[in-house]
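Below is one structure, written out as structure tokens; the observations come after it.
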Ligand SMILES: [Zn+2]
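In the numbering used here, the protein residues as written are 2 to 481.
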């Protein structure tokens with residue numbers, strides 16, 4: 002151990018990601034069975050996805066292929082015009098045929114990158130090694146009351162997945178979490194996948210190693226962003242210890258205990274056998290499909306973040322948070338189009354707006370009205386409490402926000418005028434000498450009074466309105 006670094010921070014961590022996302026299709030990949038999470042177990046199966054002898058896969062679901070190509074285009078990957086299907090053979094109850102149909106040596110797409118920003122807002126590009134399509138396995142369930150028993154639900158068998166594999170990059174646990182988060186945002190924004198980790202529509206395996214060391218640990222089936230960060234942090238510490246694993250290991254993640262554990266051999270089986278799939282011709286991507294896949298591809302989150310930072314002056318955290326929520330992002334754009342100042346609009350949307358948001362993730366008022374609200378909130382001396390109350394009332398359904406704001410404007414105008422009037426009278430009364438010099442014809446003294454009134458109102462008034470009121474009062478006074 003001569004001079005061998007043992008502390009966690011001594012060697013940079015390298016992280017590679019393998020992410021499985023369920024493609025947003027209505028039916029399975031090689032048969033017409035419906036994709037339906039809510040269905041009773043084993044009610045969405047047929048001889049093909051149930052793997053009955055003699056049943057052959059149907060031509061692949063075109064919608065699934067289109068979505069996978071769409072993801073490849075969104076990540077800037079090169080799409081192969083012709084790729085191949087393969088069989089990945091292993092023996093486990095979740096695999097009715099004894100093999101999974103996937104892609105191996107000739108994947109759908111290669112290259113491209115997932116881009117994130119570091120803490121200083123600098124961009125980091127994480128290279129994508131491959132993107133391929135495959136079918137999901139069945140779901141095994143271990144009932145709590147009879148733990149020795151395994152039940153299998155084949156509804157999930159044959160559901161189309163896209164797998165994204167990144168090249169290993171130097172990254173810490175938090176950066177790795179952000180890479181997965183960014184990919185999730187892209188999957189959702191492009192409509193490729195619902196990407197809901199809590200529903201298993203996005204699952205992540207991570208490979209963790211220390212730079213220059215052979216030991217490599219794979220942690221499988223992480224199903225939350227938090228689990229990704231914690232599992233990597235946990236392995237980083239373990240790899241830096243003197244008793245660190247020397248070779249390759251496959252582990253699972255225990256969320257409750259906050260640590261990884263060794264998988265039983267069959268789950269951790271590292272070597273799969275691959276064969277070419279003889280029952281399916283090569284997967285051909287024609288011009289029509291390519292055009293269809295790229296149609297209406299929305300602006301990518303990182304482009305959007307750049308535009309918002311440059312054009313609207315949003316800070317990186319705000320831009321990143323907004324970009325991660327497609328519905329809120331669209332709502333924000335509509336607010337800005339309607340004339341709301343960008344930074345206050347974003348901040349309002351992520352605070353008051355988010356608190357009032359319905360299941361669609363946006364506040365239940367038209368973006369145009371929200372823009373008017375934010376414009377008024379951003380004005381100096383705005384009656385913030387009253388404006389907030391108007392919004393709350395609109396959310397409760399007590400009228401449209403536009404109407405409620407209109408009512409407030411009249412009230413507010415009267416109140417503000419009353420406040421200015423009282424302040425002007427008080428300042429005039431407090432400075433008889435200056436009033437006398439006004440009478441003597443020194444009209445410039447009105448600016449002195451404007452200053453006094455603005456100070457008295459702590460800046461919460463329009464100086465032009467103050468000047469008008471002062472001139473009116475001084476005129477009255479002069480006529481007296
Ligand atoms: Zn089926």
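Here a beta-carbon is modelled for each residue, glycine too, at the ideal position from N, C-alpha and C.
Applying the criterion that 16 or more other CB atoms from any shown protein chain within 10 Å of the CB defines a buried residue, is residue 143 buried or exposed? Sequence index remark: in the chain shown, residue 143 carries index 142 (1-based). Residue 143 comes out exposed.
Decide yes or no for the touch test of the region 27-40 against the region 156-173: beta carbon pairs closer than 8 Å, at least 3 of them. Yes: the two stretches touch, three or more of their Cβ pairs being nearer than 8 Å.
What distance in whole Å lies between the Cβ atoms of residue 109 and residue 84, which are believed to be in contact at a cut-off of 8 Å? Indexing the chain shown from 1 puts residue 84 at position 83. Indexing the chain shown from 1 puts residue 109 at position 108. With a Cβ gap of about 5 Å, residue 84 and residue 109 count as contacting.
Can you look up residue 276 in the DSSP assignment and give me helix, strand or coil? For the purposes of this step, residue 276 is identified with residue 275 of the chain shown, where counting begins at 1. Residue state, collapsed to three classes: strand.
DSSP three-state label for residue 453, please. As a first step, residue 453 must be located in the chain shown, where it is residue number 452. Correct three-state label for residue 453: helix.
Would the C-beta of residue 52 count as close to ligand 3, meaning under 7 Å from any of its heavy atoms? This structure does not include ligand 3; its bound ligands are ligand 1.
Comparing C-alpha positions only, which one of 400, 353, 359 sits nearest to residue 328? Mapped onto the chain shown, residue 328 falls at position 327. The residue with the shortest Cα to Cα distance from residue 328 is 359.
Between the region 356-373 and the region 444-451, do three or more beta carbon pairs fall short of 8 Å? no
Is the beta carbon of residue 47 within less than 7 Å of some heavy atom of ligand 1? Against the chain shown, residue 47 aligns to sequence position 46. Yes, the beta carbon of residue 47 sits closer than 7 Å to at least one heavy atom of ligand 1.
Comparing C-alpha positions only, which one of 129, 81, 88, 63 sits nearest to residue 17? As a first step, residue 17 is located in the chain shown; it is residue number 16 there, counting from the start. Looking at the Cα atoms, 129 is the closest of the given residues.
For residue 264, which residues in the same chain have their Cβ closer than 8 Å to its Cβ, ignoring the five residues on either side in sequence? For the purposes of this step, residue 264 is identified with residue 263 of the chain shown, where counting begins at 1. Within the same chain, residue 264 has close Cβ partners 221, 251, 252, 253.
Helix, strand or coil for residue 123 per DSSP? On the chain shown, position 122 is the one that residue 123 refers to. The answer is coil: DSSP assigns residue 123 none of H, G, I, E or B.
For residue 18, the residue or residues it bridges with in DSSP: Position 17 of the chain shown, counted from the first residue, corresponds to residue 18. DSSP, once it has assigned bridges, lists 207 as partnering residue 18.
Can you tell me where the alpha helix (DSSP H) with residue 253 in it begins and where it stops? Walking along the chain shown from the start, residue 253 turns up at place 252. Unbroken run through residue 253 is the beta strand (DSSP E), 249-255; no alpha helix (DSSP H).
In angstroms with no decimal places, state the Cα-to-Cα distance between residue 54 and residue 274. Locating residue 54 in the chain shown gives position 53, counting from the first residue. Locating residue 274 in the chain shown gives position 273, counting from the first residue. When rounded, the distance between both Cα atoms is 21 Å.
How about residue 342 and residue 461: do their beta carbons lie closer than 8 Å? If you number the chain shown from 1, residue 342 lands on position 341. If you number the chain shown from 1, residue 461 lands on position 460. If you check the CB distance, residue 342 and residue 461 do not come in under 8 Å.
Start and end residues, alpha helix (DSSP H) containing residue 154: On the chain shown, position 153 is the one that residue 154 refers to. From DSSP, residue 154 is part of no alpha helix (DSSP H) but of the beta strand (DSSP E) over 152-154.
Is it buried or exposed for residue 268, if we count other Cβ within 10 angstroms and need 16 for buried? Taking the chain shown and counting its residues from 1, one reaches residue 268 at position 267. Since pLDDT at residue 268 reaches only 48, below the 50 mark, its modelled position is unreliable, and the value read off the structure follows with that caveat. Under this definition residue 268 is an exposed residue.
Please state if the CB of residue 319 and the CB of residue 298 are separated by a distance shorter than 8 Å. Working through the chain shown from its first residue, we reach residue 298 at position 297. Working through the chain shown from its first residue, we reach residue 319 at position 318. No, the Cβ-Cβ distance between residue 298 and residue 319 is not below 8 Å.
State yes or no: is the C-beta of residue 159 nearer than 7 Å to some heavy atom of ligand 1? Reading the chain shown from its first residue, position 158 is the one you call residue 159. It does: the Cβ of residue 159 is within 7 Å (strictly closer) of some heavy atom of ligand 1.
DSSP on residue 400, reduced to helix/strand/coil? To locate residue 400, count along the chain shown from 1; it is residue 399. Coil, per DSSP.
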